[in-house]
Amino acid sequence: MKVRKWFALPLVLALIFLSFGSLAQAAAVKAITIYLDGRPIQSDVAPYILPKVDITMVPIRVVSEGLGASVDWSAKTKTATITQAGSKIQMTSGQKYATVNGSRVSLDASVETKSGRVTVPLRFVGESLGLTVNWDGTARTITLVSGSGSADPDAGSGGNAGGGSDNGAGGDPSSGSGAGGDNGTGGVPSNPGSGSGGSNGGNAGGGVTGLRGAWISSVYNLDWPSTASYGDRSLQQNEFASMLDRLKGMGMNAVFLQVRPAGDALYKSNLVPWSKVLTGMQGVDPGYDPLAVLIEEAHKRGMEFHAWFNPFRANVDAKTDKLASNHVAVQHPDWIVASGTQLYINPGIPEARQHIIDVVMEVVSQYDIDGVHLDDYFYPSGGVFSDDATFALYNPKSILLKADWRRDNINTFVQKLGAAIHKAKPKVSFGISPFGVWRNVAKDPTGSDTKAGVTAYDNMYADVRTWIRQGWVDYVAPQIYWSLSFSTARYDKLVDWWSNEVAGTSVKLYVGHAPYKLGTTETGWQSSDEIINQLRYNAQNGRVQGDLFFSARHLLTNTLGVGQALQKYYQP
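As numbered in this note's numbering, residues 35 to 606 make up the sequence shown, in order.
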């Protein structure tokens with residue numbers, strides 16, 4: 035017995051040591067932080083990762099307070115119901131599936147209770163609400179982006195697909211769900227590009243002509259430049275050159291670089307400040323002119339360079355304390371409207387519209403660009419946009435309905451900008467990438483056979499049909515970010531609709547594609563064949579003269595083998 039006691043003592047001490055060691059190790063692991071559009075989301079209980087499936091779980095309170103969704107928890111059925119502007123998600127503890135607007139979606143992890151808290155899988159919920167979800171494993175940071183998609187995605191480039199986030203990244207048009215993210219499905223720390231790639235498209239693309247472009251998002255340093263390159267000219271240039279080489283290798287012959295991510299500039303400007311994405315602080319000179327260098331790099335490779343502007347977005351959040359003194363929100367606060375989590379330049383103020391035209395023309399006149407490209411940042415697609423006073427003050431045509439007045443504001447802007455560009459440099463193309471659905475047939479008999487919860491005409495006040503018929507733009511590139519099998523807004527039906535819109539006009543039709551959705555749970559995006567089949571459909575259509583892909587990083591991460599698929603299609 036004494037021997038056993040003597041033996042047991044060091045064993046107990048060892049166990050205590052190991053326990054404290056484990057606790058110390060756990061304490062040393064950095065807590066996961068969450069940001070929505072650059073704004074930190076607070077959680078009274080730290081998010082945690084389910085190790086076997088690499089899924090990040092967060093308290094359901096984060097979804098309600100941080101993401102602004104309505105949540106309901108039934109302790110009796112152990113079911114969580116999450117709703118936001120037409121999108122409805124239901125998950126039941128222990129079930130391996132959820133329902134999103136009535137459709138069943140497989141799950142690796144569902145709602146669960148831990149230490150008395152109800153927790154949900156963040157990536158699944160975020161993407162179902164139309165957010166792009168990014169994971170930085172080194173910093174243990176989750177970045178949720180509601181703004182293109184976008185997209186800009188950027189999220190800014192994508193448009194709000196439903197009633198969810200403003201100008202998101204093009205998810206389910208009836209619900210705002212399905213924004214892609216770059217880590218596939220499941221938990222935030224998942225391996226990018228996991229899954230099978232399909233047949234890679236065969237060789238049907240041999241001899242494919244026309245524009246083949248990639249959007250390059252600079253907002254939040256999404257595609258270029260990296261945060262590691264802050265203030266490093268050489269590294270920034272090398273990153274861009276490498277990106278161009280890889281994109282060209284996939285068959286791209288054009289790039290669309292976001293040169294105005296948030297009312298600022300990736301070039302030397304007399305009107306707006308240097309962008310934060312170059313140095314980490316807005317208004318700081320990076321020591322060179324990035325735009326001049328990048329244009330040269332593109333042209334050296336025989337690739338077109340299009341300057342992409344977010345026209346009316348003033349800032350990606352509602353704060354102004356870190357903006358440069360010459361930022362529009364600081365110099366002209368009377369032009370600014372806060373909507374959702376972002377700041378917008380009010381399109382109803384003539385001087386504000388002219389300011390944006392002047393900013394664009396500064397680039398047109400000083401740089402050897404091939405085109406000016408605008409995304410769908412006109413009016414936000416949802417939420418409150420307070421412009422009653424502007425409507426009363428700036429309405430020389432005495433337009434009765436505010437919706438018609440808003441569309442007239444955008445029409446005036448598009449017309450004047452197009453005329454200025456073509457007068458200064460007739461060979462510079464001018465195009466716009468609107469949300470993929472102009473109007474639903476239920477709302478307008480001449481609209482598309484879709485059931486989108488958001489449309490370009492009714493929610494973003496973008497009267498694209500008028501732009502086309504008046505010849506104010508050289509091309510339109512609608513963001514048709516849904517699959518050939520997505521019944522609510524089928525890709526082929528939308529391509530046919532837009533083809534009919536440009537028929538008999540001088541306006542070209544390019545189509546915006548969504549490789550960022552590959553590997554997500556949205557219908558049709560489980561193989562890179564979806565992208566290739568869309569390209570084949572365009573080739574048969576006859577009126578589609580080009581394709582754009584959102585965004586560069588989703589091509590370069592080669593999700594589901596999309597890079598090889600495009601290379602084989604374009605260069606068999």
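Virtual Cβ for every residue (Gly too), placed ideally from N, Cα, C.
query = What are the start and end residues of the beta strand (DSSP E) that includes Y69?
reply = Within the sequence shown, residue 69 is the residue found at index 35, counting from 1. Residues 67-70.
key: Through-space distance from V545 to S584, alpha-carbon basis   = Stepping through the sequence shown from its first residue, residue 584 is reached at position 550. Stepping through the sequence shown from its first residue, residue 545 is reached at position 511. With the sequence shown as reference, residue 584 is identified as Phe, and Ser is not the correct amino acid for it. Approximately 11 Å, taken between the alpha carbons.
query = In chain order, what residues of the same chain lie with their CB nearer than 6 Å to the CB of T446, ignoring the 5 residues before and after it?
reply = Start at 1 with the first residue of the sequence shown, and residue 446 comes out as number 412. Hits under 6 Å: none found.
request  = Inspect the CB distances between the region 346-357 and the region 376-391 and report whether three or more fall short of 8 Å.
outcome  = yes
query = Just how far apart, CA to CA, sit K477 and D483?
reply = Reading the sequence shown from its first residue, position 443 is the one you call residue 477. Reading the sequence shown from its first residue, position 449 is the one you call residue 483. Using only the alpha carbons, I get a separation of about 10 Å.
ask   = Is DSSP giving L434 helix, strand or coil here?
value = As a first step, residue 434 is located in the sequence shown; it is residue number 400 there, counting from the start. L434 falls in the coil class under three-state DSSP.
ask   = What span of residues does the beta strand (DSSP E) with S140 cover, start to end?
value = Taking the sequence shown and counting its residues from 1, one reaches residue 140 at position 106. S140 -> beta strand (DSSP E) spans 137-140.
task = Return the residue from the list G317, G321, K602, N429 that minimises the CA-CA distance to G265.
result = Along the sequence shown, one-based indexing puts residue 265 at 231. Nearest C-alpha to G265: G321.
message = Given a cut-off of 8 Å on the beta-carbon distance, is the pair L589 and D581 in contact?
response = Taking the first residue of the sequence shown as 1, we reach residue 589 at position 555. Taking the first residue of the sequence shown as 1, we reach residue 581 at position 547. It is not a contact, given that the beta carbons lie outside the stated cut-off.
ask   = Taking buried to mean at least 16 other C-beta atoms within 10 Å of its own C-beta, is N304 buried or exposed?
value = Here residue 304 corresponds to residue number 270 of the sequence shown, with the count starting at 1. Exposed.
task = From the DSSP output, read off the bridge partner residues of N572.
result = As a working mapping, residue 572 is identified with position 538 in the sequence shown. Answer by DSSP bridge pairing: none, since N572 is not bridged.
request  = Determine the DSSP secondary structure at K602, reduced to helix, strand or coil.
outcome  = Within the sequence shown, residue 602 is the residue found at index 568, counting from 1. In this structure, K602 counts as helix in the three-state DSSP scheme.
ask   = Does the distance from the C-beta atom of D404 to that of H340 stay below 8 Å?
value = In the sequence shown, the residue the question calls residue 404 occupies position 370. In the sequence shown, the residue the question calls residue 340 occupies position 306. Yes. Within cutoff.
query = Does the region 550-568 come close enough to the region 486-501 to have 3 or more Cβ pairs within less than 8 Å?
reply = no
message = For V418, count the other beta carbons within 10 Å of its own beta carbon; 16 or more makes it buried, fewer makes it exposed. Which is it?
response = Sequence index remark: in the sequence shown, residue 418 carries index 384 (1-based). Classification for V418: exposed.
inquiry  = What does the alpha-carbon distance come out to for the pair N534 and V578?
reply    = If you number the sequence shown from 1, residue 534 lands on position 500. If you number the sequence shown from 1, residue 578 lands on position 544. Between N534 and V578, the C-alpha separation is close to 11 Å.
query = If you count every other CB in all the chains shown that lies within 10 Å of the CB of S540, and 16 or more means buried, which is it?
reply = Against the sequence shown, residue 540 aligns to sequence position 506. Flag for S540 reads exposed.
message = Any heavy atom of the ligand SAM inside 7 Å of the beta-carbon of Y413?
response = The ligand content of the structure shown is nil, which means the ligand SAM is not present either.
task = Return the first residue and the last residue of the alpha helix (DSSP H) that E161 is part of.
result = The sequence position of residue 161 within the sequence shown is 127, counting from 1. From DSSP, the alpha helix (DSSP H) with E161 extends over 156-162.
task = Note the first and the last residue of the continuous beta strand (DSSP E) segment covering L312.
result = Position 278 of the sequence shown, counting from 1, holds the residue named residue 312. First-last for L312: 310-313, but that is the alpha helix (DSSP H), not the beta strand (DSSP E).
ask   = Which residues share a DSSP beta bridge with M125?
value = Stepping through the sequence shown from its first residue, residue 125 is reached at position 91. Beta-bridge pairing links M125 to A114, A132.
request  = Spell out a yes or no on whether the region 319-336 and the region 438-456 are touching, meaning 3 or more CB-CB pairs, one atom from each, closer than 8 Å.
outcome  = no
request  = Look at the Cβ atom of K310, then the Cβ atom of D298, and state whether they are nearer than 8 Å.
outcome  = On the sequence shown, residue 310 is found 276 positions in, with the first residue counted as 1. On the sequence shown, residue 298 is found 264 positions in, with the first residue counted as 1. Yes, the Cβ-Cβ distance between K310 and D298 is below 8 Å.
key: Rounded separation between D350 and S420 - CA only   = Reading the sequence shown from its first residue, position 316 is the one you call residue 350. Reading the sequence shown from its first residue, position 386 is the one you call residue 420. The sequence given here has Val at residue 350, not Asp. So the two alpha carbons sit approximately 18 Å from each other.
inquiry  = If you reduce the DSSP assignment to three classes, tell me which class T90 lands in.
reply    = Taking the sequence shown and counting its residues from 1, one reaches residue 90 at position 56. Looking at T90 - three-state DSSP - the assignment turns out to be strand.
ask   = Grouping DSSP H, G and I as helix and E and B as strand, with all else coil, what is S224?
value = Within the sequence shown, the letter at position 190 stands for residue 224. Unreliable positioning characterises S224 in this predicted model, as indicated by a pLDDT of 31, which lies under 50. The coordinate reading is nonetheless provided below. S224: coil per DSSP, three-state reduction.
key: Where the alpha helix (DSSP H) through A358 begins and ends   = Taking the sequence shown and counting its residues from 1, the one referred to as residue 358 is at position 324. It is not in any alpha helix (DSSP H) - A358 carries neither H nor E in the DSSP assignment.
ask   = Which two residues bound the contiguous beta strand (DSSP E) that contains Y82?
value = Walking along the sequence shown from the start, residue 82 turns up at place 48. 82-84 is the extent of the beta strand (DSSP E) around Y82.
inquiry  = Once DSSP output is grouped into helix, strand and coil, what is the label at G183?
reply    = Here the question's residue 183 lines up with position 149 in the sequence shown. Any reading at G183 must be qualified, since the residue scores a pLDDT of 37, below 50, and its modelled position is unreliable; the value itself is stated next. Coil.
query = How big is the Cα-Cα spacing for G102 and K122?
reply = Residue mapping note: residue 102 aligns to position 68 of the sequence shown, counting from 1. Residue mapping note: residue 122 aligns to position 88 of the sequence shown, counting from 1. Cα-Cα distance, rounded: 13 Å.
query = Under 8 Å between the Cβ atoms of Y178 and P259?
reply = Translated into the one-based positions of the sequence shown, residue 178 becomes position 144. Translated into the one-based positions of the sequence shown, residue 259 becomes position 225. Looking at the sequence shown, residue 178 is not Tyr but Leu. Not a contact, by the Cβ cut-off of 8 Å.
key: K527: first and last residue of the uninterrupted alpha helix (DSSP H) it sits in   = Counted from its first residue, the sequence shown places residue 527 at position 493. 525-536 is the span of the alpha helix (DSSP H), which, as asked, contains K527.
query = Cβ of W342 within 8 Å of Cβ of Q292?
reply = Translated into positions along the sequence shown, residue 342 becomes position 308. Translated into positions along the sequence shown, residue 292 becomes position 258. Contact: yes.
key: L589 in three-state terms, based on DSSP   = By one-based count along the sequence shown, residue 589 stands at place 555. Helix, per DSSP.
query = According to DSSP, is G595 helix, strand or coil?
reply = In the sequence shown, the residue the question calls residue 595 occupies position 561. G595 falls in the helix class under three-state DSSP.
task = Enumerate in chain order the residues of its own chain whose CB-to-CB distance from W506 is below 6 Å, with the five nearest sequence positions on each side excluded.
result = Position 472 of the sequence shown, counting from 1, holds the residue named residue 506. Within the same chain, W506 has close Cβ partners V448, Q449, G452.
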